[in-house]
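Numbering (this note's numbering), first residue to last: 6 to 517.
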C-alpha cells in the first residue's frame, strides 16, 4: 500500500499517515458560513482537501473513506443579511448552499460524504454543553454558557500559544459575565427577533465553535483521523474545538492529524474590497475563466505555502490544459502514474504531481496523462466544455493593432469630412468608403462603432471562424493613406491577418 506522509500542524512535523482503522478512514473539514458567494480564498481549502480526499479514496478505496464538511447556517452575519433584505433565513441559506455546490463543482470537486447543517444538530450541541458543565469545564452566566479555558491545561498546544500570550494580545473588552478573559461562548441568548432554540439556559443559539465539535462527534466519533481547514481557523476556532471535544470526551483524541492550508493573495497583494482585487469564484466563472483552469492554478502551489493568483498563472494554466485536452482527445484513460501518486503522497505535493503530468505529456503518453490528470480532478468530461470552443485569443492579439488603426482611420476620415464645406461629392465618396470598410469588416466579425469620442471595435468569434483566406479588395487601405489620415500606418494588414487565421484553421482541421 502507498505510504502517505502529511505535515501535522499538531506536532509541527511531517508524519506517516496511519489511520485509526484503514477500513474506515475519517476526515472533517470546516465548511462555509452560508450568507454570500464563496470568494477565491474560500475555494482554496475546498480544492486542497478535495485533492486529499481523492488520494485517500485511491489508496484505501472509495467505500472506506468518510469525508464530512459542514455548513454553518446559524450566524450573526446571516441574521444581519436577513434583516437587511427582508428575506427568510432559510431562503438565504438554501440559496447560498446551492450557489456553493454549483461553484465548487465547477472547480471539479467531489461532494463530501456528509454535509451537515448546524441547525440540524442543535440537540447534540446542547447535550455536549451539558456534559461540559457537568464535568466542570463550562458554566452558565446571564443566559450564556461559557467554556472555562483554565480547566483545559493543554489549551494553545495546536497554535503554539500560551494563555498568557493570548490574553496579552487581546484588545477586546471583556464581558462582565466571564470568569476569565479567555473563556469563550458555547451558548448565547436570543432576543425575540433572533433565531433561537429552547435550552436549559433559556432560549438561545449555539456559539460557533461548539457546532463543529458536536457534528464531528455525531458523524465521525470521539476520535477520527484528519481535521482540516484554513490557517486562519487554527486559532481560535480549531483550538477551541480541541478543548471542547477533549473535555467532553476525555477518552477520545479528537483528531490525530491537523492540516492547514495557507492564505491566498492576488497579484502579490492581500485580496480585499478596498484594493479592488476581491472577487468570488462566480465572478471568475462569469468572466469566462473555466473552473478547471482555476483548479489547475490552485494545484500549482503547495497547500502549506501562500498562494498568489495572477493573470499570468491563469493564462499558462489555460494554455496547458487546452494542449493536454488536444493530446488526450479520443483516448481511453490508462493507469494512473505511480510518480503522480507518489508526489501527492508526499504531503500533497500538488506542484510535483503537476510536473509529472507535464512529463507524461512530453512523452506522448496520452492514456497515462488522461488517467493521472483525472486523478487530480483535471481533464474530466464534466469540466471540458470550455475547451471545445476555438481559441481566438491569439488571433485577436495579432489583429488588434491593425484593427485599432482601421478604427482610427475611419474616425479621422469622418472628422476630416465634417470639417469640409465644399466638394460635397468628395465628401459623399469618403463617407461611402468608410461605410464600405465598416461593412466588409463586419462580414468578417469586426464591428466598428462611431461615437462622439471616436471609433471603437469589437470582434465576434463565431463570425471570425468564417474569415476568408483573401479579403475583398475593397477593404484594403493603403499604408500611405493610413499614414496620411492617422499618422500611424498599419504594420500588419489583411494579408498577414488572413495568413494567421488560415494557419489556425489548418491546425483546427488537423485536430478534428
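Ideal Cβ positions, reconstructed from N, Cα and C, are used throughout, including at glycine.
* Exposure label - residue 441; buried when at least 16 CB within 10 Å -> As a first step, residue 441 is located in the chain shown; it is residue number 436 there, counting from the start. Classification of residue 441: exposed, given that the 10 Å Cβ count is below 16.
* Asked: Could you check where the alpha helix (DSSP H) with residue 312 kicks off and where it finishes?
  -> Taking the chain shown and counting its residues from 1, the one referred to as residue 312 is at position 307. Element bounds for residue 312: not the alpha helix (DSSP H) but the beta strand (DSSP E), 312–314.
* Asked: If you draw a straight line from the C-alpha of residue 161 to the C-alpha of residue 214, how long is it?
  -> Here the question's residue 161 lines up with position 156 in the chain shown. Here the question's residue 214 lines up with position 209 in the chain shown. If you take the alpha carbons of residue 161 and residue 214, they lie about 15 Å apart.
* To do: Just tell me which of 341, 18, 122, 73 has its CA closest to the CA of residue 33.
  => The residue given as residue 33 occupies position 28 in the chain shown. Closest option to residue 33, Cα to Cα, is 73.
* Close beta carbons around residue 24, own chain, < 6 Å, minus the five adjacent residues each side -> On the chain shown, position 19 is the one that residue 24 refers to. Hits under 6 Å: 30, 230.
* Sequence-distant residues of the same chain with beta carbon closer than 6 Å to residue 121, five excluded per side -> Indexing the chain shown from 1 puts residue 121 at position 116. Cβ within range, chain order: 75, 220.
* Contact set for residue 133: own chain, Cβ-Cβ below 8 Å, skip 5 residues either direction -> By one-based count along the chain shown, residue 133 stands at place 128. Closer than 8 Å at Cβ, skipping near neighbours: 215, 218, 219, 222, 249, 253.
* In chain order, what residues of the same chain lie with their CB nearer than 6 Å to the CB of residue 496, ignoring the 5 residues before and after it? -> In the chain shown, residue 496 corresponds to position 491, counting from 1. No answer about residue 496 holds up, because its pLDDT of 35 lies below 50 and its placement is not dependable.
* Separation of residue 232 from residue 22, as counted between CA atoms -> As a first step, residue 22 must be located in the chain shown, where it is residue number 17. As a first step, residue 232 must be located in the chain shown, where it is residue number 227. Answer to the nearest angstrom: the Cα atoms are 13 Å apart.
* So what does DSSP say about residue 317, is it helix, strand or coil? -> What you label residue 317 is simply residue 312 of the chain shown in a count that begins at 1. Three-state DSSP puts residue 317 in a helix.
* Are there three or more Cβ pairs, one per stretch, closer than 8 Å when the region 270–278 is compared with the region 50–69? -> no
* Asked: Helix or strand or just coil, what does DSSP make of residue 213?
  -> Against the chain shown, residue 213 aligns to sequence position 208. Residue 213 falls in the helix class under three-state DSSP.
* What residues in its chain sit with their C-beta under 8 Å from that of residue 126, if we drop five residues either side in the sequence? -> In the chain shown, the residue the question calls residue 126 occupies position 121. Only 216, 219, 220, 223 meet the Cβ criterion.
* **Element boundaries [alpha helix (DSSP H), containing residue 8]** => The count along the chain shown starts at 1 and reaches residue 8 at position 3. Looking at the DSSP string, residue 8 is not in any alpha helix (DSSP H), and its letter there is neither H nor E.
* To do: Could you check the C-alpha separation between residue 488 and residue 447 for me, to the nearest Å?
  => As a working mapping, residue 488 is identified with position 483 in the chain shown. As a working mapping, residue 447 is identified with position 442 in the chain shown. Note on residue 488: pLDDT 36, under 50, position unreliable in the model; no value is reported.
* **C-alpha gap between residue 128 and residue 204, whole angstroms** => Counting from 1 along the chain shown, the entry for residue 128 is found at position 123. Counting from 1 along the chain shown, the entry for residue 204 is found at position 199. Their backbone Cα atoms lie some 9 Å apart in a straight line.
* Asked: According to DSSP, is residue 20 helix, strand or coil?
  -> In the chain shown, counting from the first residue as 1, residue 20 sits at position 15. Three-state result, residue 20: strand.
* Apart from the five residues on each side of it in sequence, which residues of its chain come closer than 8 Å, Cβ to Cβ, to residue 106? -> What you label residue 106 is simply residue 101 of the chain shown in a count that begins at 1. Cβ neighbours of residue 106 beyond the five flanking positions: 116.
* When you compare each of 158, 148, 197 to residue 190 by their alpha carbons, which one comes out closest? -> Translated into the one-based positions of the chain shown, residue 190 becomes position 185. Considering only alpha carbons, the answer is 148.
* Pull up the DSSP beta-bridge partners for residue 285, would you. => Along the chain shown, read from residue 1 onward, the residue named residue 285 stands at position 280. Answer is 44, bridged to residue 285.
* residue 113, buried or exposed, once every other Cβ within 10 Å from all chains shown has been counted against 16 -> Numbered from its first residue, the chain shown carries residue 113 at position 108. Buried: at least 16 other Cβ atoms inside 10 Å.
* How would you write the range of the alpha helix (DSSP H) that residue 354 sits in, first residue to last? -> For the purposes of this step, residue 354 is identified with residue 349 of the chain shown, where counting begins at 1. That residue, residue 354, is in no alpha helix (DSSP H); it is neither H nor E in DSSP.
* How would you call residue 363, buried or exposed, if buried means at least 16 neighbouring beta carbons within 10 angstroms? -> Here residue 363 is taken as the residue at index 358 of the chain shown, counted from 1. With fewer than 16 Cβ atoms within 10 Å of its Cβ, residue 363 is classed as exposed.
* Coil, strand or helix - residue 93 by DSSP -> Within the chain shown, numbered from 1, the residue matching residue 93 stands at position 88. Residue 93 falls in the coil class under three-state DSSP.
* Which one or two residues does DSSP pair with residue 32 in a beta bridge? -> If you number the chain shown from 1, residue 32 lands on position 27. In the DSSP output, where bridge partners are listed per residue, residue 32 has 72, 231.
* By Cβ distance, which residues of its chain are closer than 7 Å to residue 273, with the 5 residues on each side in sequence left out? -> Position 268 of the chain shown, counted from the start, is the residue given in the question as residue 273. Closer than 7 Å at the Cβ level, and outside the excluded window around residue 273, lie 313.
* Asked: Near residue 378, which residues of its chain fall below 6 Å by C-beta distance, leaving aside the five closest residues on each side in sequence?
  -> Stepping through the chain shown from its first residue, residue 378 is reached at position 373. So the qualifying residues of the chain are 362, 384.
* To do: Go ahead and pull the three-state DSSP assignment for residue 429.
  => The sequence position of residue 429 within the chain shown is 424, counting from 1. Residue state, collapsed to three classes: helix.
* Using a Cβ-Cβ distance under 8 Å, would residue 169 count as near chain C? -> Of the protein chains in this structure there is only one, and it is not chain C.
* For residue 344, the three-state DSSP class (helix, strand or coil) -> The residue labelled residue 344 in the question sits at position 339 within the chain shown. If DSSP states are grouped into helix, strand and coil, residue 344 belongs with the helices.
* So what does DSSP say about residue 239, is it helix, strand or coil? -> In the chain shown, the residue the question calls residue 239 occupies position 234. Of the three classes helix, strand and coil, the one that applies to residue 239 here is helix, per DSSP.
* To do: Just the C-alpha distance for residue 91 and residue 85, rounded to the nearest angstrom, thanks.
  => Numbered from its first residue, the chain shown carries residue 91 at position 86. Numbered from its first residue, the chain shown carries residue 85 at position 80. Cα to Cα, residue 91 sits roughly 10 Å from residue 85.
* **Reduced DSSP secondary structure (H/G/I, E/B, other) of residue 269** => To locate residue 269, count along the chain shown from 1; it is residue 264. Strand at residue 269.
* Asked: With 16 other CB atoms within 10 Å as the buried threshold, where does residue 328 fall?
  -> Here residue 328 corresponds to residue number 323 of the chain shown, with the count starting at 1. Burial call: exposed.
* Grab the span of the alpha helix (DSSP H) containing residue 376 for me, first residue to last. => Numbered from its first residue, the chain shown carries residue 376 at position 371. It spans 371–380 - the alpha helix (DSSP H) in which residue 376 sits, taken as one unbroken run.
* Which residue comes first and which comes last in the alpha helix (DSSP H) that contains residue 128? -> Here residue 128 corresponds to residue number 123 of the chain shown, with the count starting at 1. Where residue 128 is concerned, the enclosing alpha helix (DSSP H) stretches over 127–139.
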